[in-house]
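Student:
Protein chains in written order, with my numbering: chain A, 377 to 450; chain B, 94 to 355.
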């Protein structure tokens, strides 16, 4: 799950990326005071940070690149 | 419903028998999944503790990859299970309402969008297609393509070939982009809708390959076989380009109003 011990299951991780790509960037976004107002942009950024920080083999510095234009928000 | 729980939204459907289909499903908090109906639309939801799924907790937990993976898979399991049986519109991960009244409000306020989205996805399935390029092979293939019939032993042929090599090296990025456009176009012909997402960062995917295309396509279920063979053909069409199919997915990429509303 953590992928931090070097025994990365590549297929599983790629599959997870595909899934996160969709559940975090797709789906209907409901905004306004009806939800706990987790901004969609922040959500993607947060998840990317989580992913990056979990990769022990990489030393990532600076801003995490956030894919743009994938969001369905209105 | 108390102050300590919220309502996690999984999906919206319009089928009257949705409740039966989710009766055995377990949600992101291990909760029993249930439905909330409003004027023909059905929200598939679960009651979750705010201690784990409230705004503050979510902000914290979303940074924990183990938590994120578990919740994303649980969310997807509910949506996918349902999506295999009836048309569904998935909600973005972590859509949490404070009470049932707000779920009713969402269904009412967004009724038109949900209905239109459901119409769009009915009888269709989302597929993911990714194309990866091998820079060296692609460059060689471009050289061959540029020289065409000029292959041979003559000096002219050699010069043409040499020139093509140099041109290929310079233009490989541009050509790769053109190939990606090509693949996307051909897939769009087989799909009801399609969209290109930004390539996944290699740092995230752990895949160092050069991703040319990260597309999602909404395909008529009746045309799914043709779409799959088109993907297979595309994988063989361009030397140096590998094409990968993922899915079937619930229509995550085709649930938003932006592609439905004019």
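Glycine included, each C-beta is placed from N, C-alpha and C at the ideal position.
Quick one: does residue 297 of chain B have its CB under 8 Å from some CB of chain A?
Tutor: yes
Student: In chain A, which residues lie with their C-beta within 8 Å of the C-beta of residue 168 of chain B?
Tutor: Per Cβ cutoff of 8 Å: 399.
Student: Please report how far the alpha carbon of residue 122 of chain B lies from the alpha carbon of residue 169 of chain B, in whole angstroms.
Tutor: 13 Å
Student: Ignore the nearest five residues each way along the sequence and tell me which others in residue 315 of chain B's own chain have a CB closer than 8 Å to its CB.
Tutor: 216
Student: What is the DSSP secondary structure of residue 271 of chain B, counted as helix, strand or coil?
Tutor: helix
Student: Please report how far the alpha carbon of residue 393 of chain A lies from the alpha carbon of residue 163 of chain B, in whole angstroms.
Tutor: If I take the Cα positions, the gap works out to 13 Å.
Student: Leaving out five residues on either side along the sequence, give the residues of the same chain with a beta carbon under 7 Å from the beta carbon of residue 323 of chain B.
Tutor: 279, 280, 283
Student: Whose Cβ in chain A lies nearer than 7 Å to the Cβ of residue 108 of chain B?
Tutor: Simply none; closest approach about 17 Å.
Student: Taking the runs of the alpha helix (DSSP H) that are 4 residues or longer, which of them lie wholly in the segment 159 to 223 of chain B?
Tutor: 193 to 202, 204 to 214
Student: Buried or exposed: where does residue 226 of chain B fall if 16 or more other Cβ atoms within 10 Å of its Cβ makes it buried?
Tutor: buried
Student: Cα separation between residue 128 of chain B and residue 331 of chain B?
Tutor: 48 Å
Student: How big is the Cα-Cα spacing for residue 327 of chain B and residue 294 of chain B?
Tutor: 23 Å
Student: Please list the partners that residue 346 of chain B has in chain A, where partner means a Cβ-to-Cβ separation under 7 Å.
Tutor: 398, 402
Student: Between residue 203 of chain B and chain A, is any beta-carbon pair separated by less than 8 Å?
Tutor: True, the Cβ-Cβ gap to chain A drops below 8 Å.
Student: Looking at C-alpha atoms only, which residue of B:149, B:347, B:192 is the closest neighbour of residue 96 of chain B?
Tutor: B:192
Student: Expressed to the nearest angstrom, what Euclidean distance is found between the alpha-carbon atoms of residue 292 of chain B and residue 395 of chain A?
Tutor: 14 Å
Student: Show which residues of chain A have a CB atom less than 7 Å away from the CB atom of residue 221 of chain B.
Tutor: Here the neighbours are 394.
Student: In three-state terms, what does DSSP make of residue 278 of chain B?
Tutor: helix
Student: Thinking residue 183 of chain B and residue 402 of chain A are a contact (beta carbons under 8 Å), I'd like their distance in whole angstroms, please.
Tutor: 7 Å
Student: Which residues bound the alpha helix (DSSP H) around residue 153 of chain B?
Tutor: 148 to 154
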